[in-house]
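Novice: Residue numbers (the working numbering): 116 to 429.
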Amino acid sequence: MMLLLGAPGWGAATETPAPEQEAEPDRPELDQELRWFDKAHTLLSGSAQSSALWFDDFFGPSDDADQASSHFRLRLQQEFVEREEDELRLRVSASYYLPKTSKRLKLLLESDEQDDLSQVSDSLGADAEATTRAALRWIPINLDSWDLSVDLGASLSSGLNPFLRSRARYFESVNDNTLLKLSQEVRVESNDGWSETSRLNLERVYDDHVYRWQNRARFGEETEGLEWVTSLSRIQWLDDKTAFSTFIAASGATRDDGDESEIRRLGFTFRRNFARDWLFYEVEPQLTWPRKYGFDTNIELQLTLEAQFGERRR
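1. Consult DSSP for Q229 and reduce its assignment to one of helix, strand or coil.
2. State the DSSP-derived secondary structure class of G367, mapped to helix, strand or coil.
3. If you follow the alpha helix (DSSP H) that D354 is part of, which residue opens it and which one closes it?
4. If I measure Cβ to Cβ from S260 and keep anything under 8 Å in the same chain, skipping five residues before and after, which residues do I get?
5. How many angstroms separate the CA atom of D262 from the CA atom of R319?
6. Counting C-beta neighbours from all protein chains within 10 Å, is the total for R370 16 or more, i.e. buried, or is it exposed?
7. Roughly how many angstroms separate the alpha carbons of T403 and L418, rounded to a whole number?
8. Which of the three DSSP states, helix, strand or coil, is assigned to G409?
9. Does the segment 390-399 come within contact of the segment 372-381, defined as at least 3 CB pairs closer than 8 Å?
10. Can you confirm whether the segment 308-318 touches the segment 349-356 when touching is taken to mean that 3 or more C-beta pairs between the two stretches lie within less than 8 Å?
11. Could you check what DSSP says for F174 in three-state terms: helix, strand or coil?
12. Let me check understanding here. Comparing Cα to Cα, which of D201, T338 and S208 lies closest to Q423?
13. L168 by DSSP, collapsed to three states: which one?
14. Thinking C-alpha only, which one of E421, T384 and A163 is nearest N290?
15. Is the beta carbon of G268 sitting closer than 9 Å to the one on R282?
16. Within a Cβ cutoff of 8 Å, which residues of the same chain sit near D307, ignoring the five residues on either side of it in sequence?
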């Protein structure tokens with residue numbers, strides 16, 4: 116999650132279009148806006164593209180910092196977990212390109228780890244150690260089907276921990292309704308050494324729902340072997356203010372001696388826009404089967420209040 120410094124012009128978001136509103140092919144400036152918002156979805160057909168953009172807009176994209184020039188997202192989450200202590204979290208993400216840099220430079224302050232799976236369920240990445248990172252992002256390559264970014268910064272939570280991070284992403288349209296997303300990230304930190312993270316996401320878009328299969332694998336000097344997460348979700352549009360998703364997920368690590376990471380999940384997320392076009396709430400109950408409890412059924416409930424400001428939402 117990211118908070119960027121000095122972003123001007125944050126204000127109320129505009130109304131999100133319903134999925135059935137299609138992009139107008141005779142307006143090249145609109146096509147450019149869609150690529151700027153999420154260029155991967157321009158590889159889909161017109162109807163699927165409009166639906167995909169609406170779902171990402173309503174649920175929030177998986178990587179906010181790449182989807183907007185000026186955007187702020189604040190999430191207050193209360194989590195109730197059987198057999199464990201309740202937890203209240205504040206998550207922040209935002210985006211701001213530095214002016215007069217052709218959208219190639221960003222000044223970032225990350226309050227949490229980025230996670231392509233966060234739009235399915237924040238709890239899938241909740242076990243990662245929270246930290247704060249300040250960085251300057253450079254985007255040397257930004258083409259239609261792939262891009263490359265380089266971050267130079269430092270972790271600030273426990274002393275100064277400089278890091279260098281690079282990520283390449285590739286997008287491929289399998290057909291008019293199906294999109295493949297691949298990404299590879301390499302990071303070197305002074306305290307934790309090197310690590311690499313690979314992601315593979317497959318997305319199938321229909322007029323009123325989306326199927327997503329998302330996978331992440333991470334390996335490095337300080338990881339517990341190969342750390343992995345996989346999830347399958349179905350996101351359903353009800354009206355222009357309401358949507359829900361159902362998902363199944365599993366995560367684990369190949370060298371987890373304490374059996375803390377392996378867990379299976381079955382969950383449901385109800386999300387609604389209310390009161391103002393920039394306010395949302397979510398209710399997410401889950402059934403989980405953690406290995407550390409002998410795969411006995413565990414009940415979790417996450418309640419979220421979210422505010423969005425800026426230019427990302429249409």
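Even for Gly, the Cβ is constructed at its ideal location relative to N, Cα and C.
Specialist: Reading it off the structure:
1. Along the sequence shown, read from residue 1 onward, the residue named residue 229 stands at position 114. Below a pLDDT of 50, predicted positions are generally treated as unreliable, and Q229, at 46, falls in that range; no measurement from the model is reported.
2. Stepping through the sequence shown from its first residue, residue 367 is reached at position 252. Of the three classes helix, strand and coil, the one that applies to G367 here is strand, per DSSP.
3. Taking the first residue of the sequence shown as 1, we reach residue 354 at position 239. D354 -> not in any alpha helix (DSSP H); beta strand (DSSP E) instead, spanning E342 to D354.
4. The residue given as residue 260 occupies position 145 in the sequence shown. Correct list, in chain order: L158, Y285, F286 and E287.
5. Here the question's residue 262 lines up with position 147 in the sequence shown. Here the question's residue 319 lines up with position 204 in the sequence shown. Rounded to whole angstroms, D262 to R319 spans 22 Å at the Cα level.
6. The count along the sequence shown starts at 1 and reaches residue 370 at position 255. With fewer than 16 other Cβ atoms inside 10 Å of its own Cβ, R370 counts as exposed.
7. As a first step, residue 403 is located in the sequence shown; it is residue number 288 there, counting from the start. As a first step, residue 418 is located in the sequence shown; it is residue number 303 there, counting from the start. Rounded to whole angstroms, T403 to L418 spans 17 Å at the Cα level.
8. Counting from 1 along the sequence shown, the entry for residue 409 is found at position 294. G409 falls in the coil class under three-state DSSP.
9. no
10. No contact exists between the segment 349-356 and the segment 308-318.
11. Translated into the one-based positions of the sequence shown, residue 174 becomes position 59. Reduced to three states, the DSSP call for F174 is helix.
12. If you number the sequence shown from 1, residue 423 lands on position 308. Of the listed residues, the one whose Cα sits closest to Q423 is S208.
13. Looking up residue 168 in the sequence shown gives position 53. Per DSSP, reduced to three states, the secondary structure at L168 is helical.
14. Sequence index remark: in the sequence shown, residue 290 carries index 175 (1-based). The residue with the shortest Cα to Cα distance from N290 is A163.
15. Locating residue 268 in the sequence shown gives position 153, counting from the first residue. Locating residue 282 in the sequence shown gives position 167, counting from the first residue. Not closer than 9 Å, so no.
16. Position 192 of the sequence shown, counting from 1, holds the residue named residue 307. Once the five neighbours on either side are set aside, the close Cβ partners of D307 are N276, G335, E336 and E337.
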